[in-house]
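Visitor: Sharing a structure below in structure tokens format, with a few things to ask.
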Amino acid sequence: MNKHPFRFFFGMLLDLFYPRRCPVCDKAVKPFGSLICEACSTKIKYVKSPYCQKCGKELKDKRVFFCHDCNSKAHNYDRGMALFAYPGVADSIYRFKYRGRQEYAAYYGERMAYMLGSRIASLHPDALIPVPIHPSRKRARGYNQAEVLAKEIGRNLNIPVDTTLIKRVRKTAPMKDLSVQERQNNLKKAFKICHNDVKLSTIIIIDDIYTTGSTIDAMAYELRQAGIKHIYFAALAIGNGM
Numbered sequence: 125m126n127k128h129p130f131r132f133f134f135g136m137l138l139d140l141f142y143p144r145r146c147p148v149c150d151k152a153v154k155p156f157g158s159l160i161c162e163a164c165s166t167k168i169k170y171v172k173s174p175y176c177q178k179c180g181k182e183l184k185d186k187r188v189f190f191c192h193d194c195n196s197k198a199h200n201y202d203r204g205m206a207l208f209a210y211p212g213v214a215d216s217i218y219r220f221k222y223r224g225r226q227e228y229a230a231y232y233g234e235r236m237a238y239m240l241g242s243r244i245a246s247l248h249p250d251a252l253i254p255v256p257i258h259p260s261r262k263r264a265r266g267y268n269q270a271e272v273l274a275k276e277i278g279r280n281l282n283i284p285v286d287t288t289l290i291k292r293v294r295k296t297a298p299m300k301d302l303s304v305q306e307r308q309n310n311l312k313k314a315f316k317i318c319h320n321d322v323k324l325s326t327i328i329i330i331d332d333i334y335t336t337g338s339t340i341d342a343m344a345y346e347l348r349q350a351g352i353k354h355i356y357f358a359a360l361a362i363g364n365g366m
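Counted the way the numbering used here counts, the sequence shown spans residues 125 to 366.
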């Protein structure tokens, strides 16, 4: 039986009057009550082995252990993982991020919990930390997609979500058109720890997309300086490795 019957019935009622949109085709989900259209559920490509032992990018050569990026530079985090190969979900994430499709998070969070849950649990995290966005962007967008995603993952896996530990204090330029060096410069002093006494030992940073790792590295640096020993990340989607 559902552990939260009120939430379940309220969700069903909401779906009845405001049909949930499929994260793939963006049409009303079929069959009713599902999180994704049955016909669309096989269209999304998951990251599969072999994958980089540092960042989790899918690798073409099973004889190597790390992608080109992770072989070329040191990261501030310990290790990462991701659910989807980015090219196949780019449009879906764009709608989730910029077009108000917060409802997609229910499917994303359930899939991350199901596919990555055992790996996440094995790390024994004290909390999930969503990548913060600048307050002005959150006001304009109405929400932080990483925070919405983290809360769904946390609910599915019964892990606390901390949205107050670190904040974004610089409104950085969009990252998609920047080089690796430009991304690193763009993120300098972009994050600030908000607590004087950080008691967390192990955390998992949650983000929607991992590309070069510049954002995760910038956050991990500040978190490490605050005394957090073990820092991992879990991303909804990730680019290709080499």
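Glycine residues also receive a C-beta, built at the ideal position from the N, C-alpha and C atoms.
I'd like to check one pair, Ile-277 with Met-236: are the Cβ atoms closer than 8 Å?
Guide: Yes, these two residues count as a Cβ contact at 8 Å.
Visitor: Taking the beta carbon of Ser-325 as the centre, do at least 16 other beta carbons fall within 10 Å, making it buried, or is it exposed?
Guide: Its Cβ having fewer than 16 others within 10 Å, Ser-325 is exposed.
Visitor: Taking the continuous alpha helix (DSSP H) assigned at Pro-249, which residues delimit it?
Guide: Pro-249 -> no alpha helix (DSSP H), and no H or E assigned at all.
Visitor: In whole angstroms, give me the CA-to-CA distance for Ile-330 and Ser-158.
Guide: Computed Cα separation, rounded: 24 Å.
Visitor: Would the region 221–232 and the region 343–354 be scored as touching if the rule is three or more Cβ pairs under 8 Å?
Guide: Cβ pair count under 8 Å is below three, so no.
Visitor: Could you tell me the alpha carbon to alpha carbon distance between Pro-249 and Ile-283, rounded to whole angstroms?
Guide: Distance between the alpha carbons of Pro-249 and Ile-283 is about 8 Å.
Visitor: Between which two residues does the beta strand (DSSP E) carrying Lys-291 extend?
Guide: Counting along the chain, the beta strand (DSSP E) containing Lys-291 begins and ends at 290–292.
Visitor: So, with DSSP's three-state summary, where would you put Gly-266?
Guide: Looking at Gly-266 - three-state DSSP - the assignment turns out to be coil, as it is neither helix nor strand.
Visitor: Going by the beta-carbon positions, is the gap between Ile-340 and Lys-316 smaller than 8 Å?
Guide: It is not a contact, given that the beta carbons lie outside the stated cut-off.
Visitor: How would you label Thr-288, buried or exposed, when you count the other beta carbons within 10 angstroms and need 16 or more for buried?
Guide: Burial call: exposed.
Visitor: To the nearest angstrom, how far is it from the Cα of Leu-367 to the Cα of Pro-147?
Guide: With the chain covering only 125 through 366, there is no way to say anything about residue 367.
Visitor: Beta strand (DSSP E) containing Ala-209: first to last residue?
Guide: It spans 203–209 - the beta strand (DSSP E) in which Ala-209 sits, taken as one unbroken run.
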